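**Student:**
2 protein chains.
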Amino acid sequence: MDSQEFREAAKAAIDEITEYYDNVASHRVVSDVKPGYLRPLLPASAPLDPEPWSAIHADVHYPAALAEMYSNTFNGAHFNWICSPAVTELETVVMDWLAQALALPECYLSGGSTHGGGVIHGSASEAILTVMCAARDKYLNAVTAGLPADSEEKEEATWKHRSKLVAMGSAGAHSSTKKAAQILGVRFVTVPIDEDASFAMTGAAVAKTVADLRARGLEPFYLTASLGTTDVAAVDDFAGIAEVLSPTAGTAQDIWVHVDAAYAGSALILEENQPLTTPLAHFHSFNFNPHKWLLTTFDCSAVWVRSRAWLISALSIKPHYLRNEFSDNELVTDYRDWQIPLGRRFRSLKLWFVLRSYGIRGLQAHIRRGVVLGESLEAKLKSRPDLFSIFTPARFGLVTLRVAGADEDEVNARTERVYEGINADGEFYLTSTMVNGKFAIRVCTGVERVAEEHVQRLFDILVERAGAEVGKKA
Amino acid sequence: MDSQEFREAAKAAIDEITEYYDNVASHRVVSDVKPGYLRPLLPASAPLDPEPWSAIHADVHYPAALAEMYSNTFNGAHFNWICSPAVTELETVVMDWLAQALALPECYLSGGSTHGGGVIHGSASEAILTVMCAARDKYLNAVTAGLPADSEEKEEATWKHRSKLVAMGSAGAHSSTKKAAQILGVRFVTVPIDEDASFAMTGAAVAKTVADLRARGLEPFYLTASLGTTDVAAVDDFAGIAEVLSPTAGTAQDIWVHVDAAYAGSALILEENQPLTTPLAHFHSFNFNPHKWLLTTFDCSAVWVRSRAWLISALSIKPHYLRNEFSDNELVTDYRDWQIPLGRRFRSLKLWFVLRSYGIRGLQAHIRRGVVLGESLEAKLKSRPDLFSIFTPARFGLVTLRVAGADEDEVNARTERVYEGINADGEFYLTSTMVNGKFAIRVCTGVERVAEEHVQRLFDILVERAGAEVGKKA
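The listed protein sequences correspond, in order, to chains A and B.
Counting in the numbering used here, the first sequence runs without a single skipped number right up to 456 at its last residue.
Counting in the numbering used here, the second sequence runs without a single skipped number right up to 456 at its last residue.
#1: Please determine, among A/370, A/420, A/174, A/263, the residue with the shortest C-alpha to C-alpha distance to residue 390 of chain A.
#2: For the beta strand (DSSP E) that contains residue 284 of chain A, what are its first and last residues?
#3: Thinking residue 209 of chain B and residue 162 of chain B are a contact (beta carbons under 8 Å), I'd like their distance in whole angstroms, please.
#4: Would you list the residues sitting across from residue 100 of chain B in a DSSP beta bridge?
#5: Using the DSSP secondary-structure output, state which residues sit across from residue 151 of chain B in a beta bridge.
#6: Looking at residue 422 of chain B: is its Cβ nearer than 7 Å to the Cβ of residue 415 of chain B?
#7: At a Cβ threshold of 7 Å, is residue -8 of chain B touching chain A?
#8: In chain order, what residues of the region 117 to 144 of chain B put their CB closer than 8 Å to some CB of chain A?
#9: By the DSSP assignment, the alpha helix (DSSP H) with residue 322 of chain B in it spans what residues?
#10: Considering only C-alpha positions, which residue in the set B/329, B/149, B/248, B/77 is nearest to residue 430 of chain B?
#11: Please state if the CB of residue 205 of chain B and the CB of residue 463 of chain B are separated by a distance shorter than 7 Å.
#12: Quick check on the DSSP output: the alpha helix (DSSP H) that includes residue 335 of chain B runs from which residue to which?
#13: Are three or more beta carbon pairs between the region 314 to 330 of chain A and the region 68 to 80 of chain A nearer than 8 Å?
#14: Please report how far the alpha carbon of residue 84 of chain B lies from the alpha carbon of residue 171 of chain B, in whole angstroms.
#15: Can you name the residues that DSSP bridges to residue 426 of chain A?
#16: Name the chain D residues that come within less than 9 Å of residue 175 of chain B, Cβ to Cβ?
#17: Any beta-carbon of chain A closer than 7 Å to the one on residue 316 of chain B?
#18: So with CB distances below 9 Å, who are the chain A contacts of residue 494 of chain B?
#19: Find the residues of chain B that neighbour residue -15 of chain A, judging by a C-beta separation of less than 7 Å, and give them in chain order.
#20: Using C-beta distances below 6 Å, list every residue in its chain close to residue 41 of chain B, excluding the 5 sequence neighbours before and after it, in chain order.
#21: Checking contacts by CB at 7 Å: is residue 157 of chain B closer than that to chain A?
#22: May I ask you to list, following chain order, the residues of the region 191 to 219 of chain B that have a beta carbon less than 8 Å from some beta carbon of chain A?
#23: Rounded to whole angstroms, what's the CA-CA distance from residue -5 of chain B to residue 281 of chain A? Just pull it up for me.
#24: Indicate whether at least one CB of chain B lies closer than 7 Å to the CB of residue 325 of chain A.
#25: Measure the C-alpha to C-alpha separation of residue 266 of chain B and residue 195 of chain B and round it to an integer number of angstroms.
#26: In terms of residues, what are the limits of the beta strand (DSSP E) holding residue 269 of chain B?
#27: Mapping DSSP to helix, strand and coil, what is residue 8 of chain A?
#28: Would you tell me roughly how many angstroms separate the C-alpha atoms of residue 315 of chain A and residue 18 of chain A, rounded to the nearest one?
#29: Would you mind telling me which residues of chain A sit closer than 7 Å to residue 335 of chain B, beta carbon to beta carbon, in chain order?
#30: Quick one: what's residue 238 of chain B bridged to in DSSP?
#31: Comparing alpha-carbon positions, which option in A/145, A/410, A/317 lies nearest residue 102 of chain A?
#32: Can you give me the C-alpha to C-alpha distance between residue 279 of chain A and residue 353 of chain B, rounded to a whole angstrom?
#33: Closer than 7 Å, Cβ to any Cβ of chain B: which residues of the region 256 to 289 of chain A, in chain order?
#34: On the CB-based measure, 16 or more other CB atoms within 10 Å of its CB, does residue 122 of chain A come out buried or exposed?
#35: Applying the 10 Å Cβ sphere with the 16-neighbour rule, what's the burial state of residue 95 of chain B?
#36: Return helix, strand or coil for residue 373 of chain A, following the three-state DSSP convention.
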């Protein structure tokens, strides 16, 4: 869809929206469809090719913007099935489509063997808080399962365990894990990462952290692993982590592993990245944000769990005014029990429009473009070893780099000055990171509308500024 | 703005949006404005009259829909000031405008004496979880303040207190308070309400609950009071509650009181309701949802606190990649520290468009219409005492009613049958409530596009169905 097609489609949507409001009184106020009505009406998976393919311009996100217009028109709070069956059922179908497109293990599908499923949250922070809450309750239920229900003994034991709970995340995990622990009032401990392992969290580091915590009488119950860390897009060693946690898997001491792929998860749509998902079958939950790199407008964070009962058990409450025959008979999904808020927006419409407008192949082309641009920047930087060192190589469209210098202090100082100079100019806005005392510039090419000409222009500016720092002509 | 005006304005917006994307590369990527740049450019309060007044049709919500179109165009995550200064600064200004329009005590204004301020969340559930989290940390900090920082003694004392914390809400408070307590892992206790006090929570009931809890060694730290309960729109006795909590106000045992006005808060825009807000100066936080009754599209929940430091202290974390000179020097507001998620949508644009398009007077006219329609239905129901009893009188556009009968069981059974019959027809969708064993039908007239003709039609249907139940001709 190019900008002219968007212009026409959007204006047609405006006409529909206006007519919808003008005639709203003539619509039925409550739906008379039956639970499960929607899935048979839709394809079993997202289209490979866009509809129509010829219209794809992989660098615009108009389909999601159109979906938002409709979503705001329906303007519901959509907190249970009976409010708006289509909102609920489309979300289930679209999240299955998306899980298939990313090659998530079948346990994360709504019809999978472990009764998993997906839900759309607003942000990765909410996703992580929600799964950490479910992990906590799952753990507390398991470790006190032997005690009589509602007994004082059980109450006391639960409080004793609560006071010892530890949530873990690697030093490279996004700060939202620490924030979630702070909100839930549980301890947070960092698993160290090492430049030698490309800043990935290893099984050995997890094993050591868990052993140290247990030796201190503490109870690790949750771990965030990352598929693409915020700083440098590192991928943790999932197989190694699964291996060291396997002795307690399925026992009361089972440690919930959540994989946060907020940014890089979109790259799982490329077949070459899909082997990364195999070990997820040993873990408990997964999220990524289509609003970051999958051409979907903010906000849209996709979350899957291996067993939906974990979420519902932690988050369900049933006041009278939310009861209805469909929910009471467990015929339907009430997504309010899969999230923190009660109300929810019709976000699945965005994913539905995006998946159908681009098709899987269109989305693959878009993601590959960002990956290739990152590799292009890396190649350019490598052509000037007198000026730059690659801190971490191009991965998922992210390159991090440092300016050459005699020692760590000089490298840090020069890199920071180049970074601040470029941002002050206002033509590009870069971000930076400080990992194990090393300051590096981050350049992300996995962004809509970034093209080779922008990468070249940024490289030229980097050369000019780094050249001035290093004292050579550019 | 009528539907034709919306149609034209929306199509003009589409043209602007298309041009924005087509020329996005020519814009400066990071803003060069200075903190505080926006407030001097805007009026000090929302306009009394709409712009232009003649265009107001109080029953459409187009301005918010237009704002959503622009908001989705800018499509940022807006988590700190530097990302998008306008998003932050407009929110501060608009939340001050709104606080003034609702006559909230000055302590809730951003420039107020206690450094309060407002923030927009997605839903009341998030608002309540967020303030309960802040209340918990404020309480724990206060009761352990005498112990040395980072000492084992302090750590132990904190855990001892954590295990005794109790969040309270009346039996009429929305279920989101119970859900927030469940998420935070603190006890939840209900304060009883009584039909004799019109289902309002009284100071005496709070005092008794608090005394009972303390006698059991527990530590009540938080209370949700309601301005318009979900079931019957009751208003709790704020003055009485403030009075009984005054002995511990400002001490380490201070109980945080949050006033949830999710639905009825919009009615504070009417001067006759504004005396209700005076006692809020003794409380800690307040929220209402403009998306319920103030012509704003879902989602938009407005929250104010008396001291913003309480939120920031509970929710702030500062990883390297979120740092920047403006935040580090505390020159600006970073709303990510006032909420659970990191990213945030540009929701203040909706409120800004709504306040300017309708003006305070236009919004007052809209709210008054819903109130008057509720009174109209109540009068009609009272004209048929043979068929109906008023369970709770029209308040904020909500009437609850029961069908006549010989005893409570017959009344409940008849009322439920009338309720289910009407919903099965699909012309109207009513909700119900069960309060102290009494089943009642809820009719809410505080909704856009509900007009006298709909109230009359609903009354006719109620008469027909209740007449059949009571065994008389309608």
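Note that CB positions come from ideal geometry on N, CA and C, so glycine has one too.
All values reported here derive from a predicted model rather than from experimental measurement.
**Tutor:** Taking the definition as stated:
#1: A/420
#2: 283 to 287
#3: Actually they do not touch by this definition, with Cβ atoms about 18 Å apart.
#4: B/286
#5: B/172, B/206
#6: yes
#7: yes
#8: 118, 141, 144
#9: Neither: residue 322 of chain B is in no alpha helix (DSSP H) and is coded neither H nor E.
#10: B/248
#11: One cannot answer for residue 463 of chain B here, as it falls past the ends of chain B, which runs -17 to 456.
#12: 330 to 364
#13: yes
#14: 30 Å
#15: A/380
#16: No chain D appears in this structure, whose protein chains are A and B.
#17: no
#18: In the structure as shown, chain B starts at -17 and stops at 456, and residue 494 of chain B therefore has no counterpart that could be examined.
#19: 0, 3, 4
#20: Any reading at residue 41 of chain B must be qualified, since the residue scores a pLDDT of 36, below 50, and its modelled position is unreliable; no value is offered.
#21: yes
#22: 212, 213
#23: 21 Å
#24: yes
#25: 21 Å
#26: 267 to 270
#27: helix
#28: 10 Å
#29: The premise fails here: residue 335 of chain B is roughly 13 Å from chain A at the closest Cβ pair, so nothing lies under 7 Å.
#30: B/204
#31: A/317
#32: 37 Å
#33: 279, 280, 281
#34: buried
#35: exposed
#36: strand
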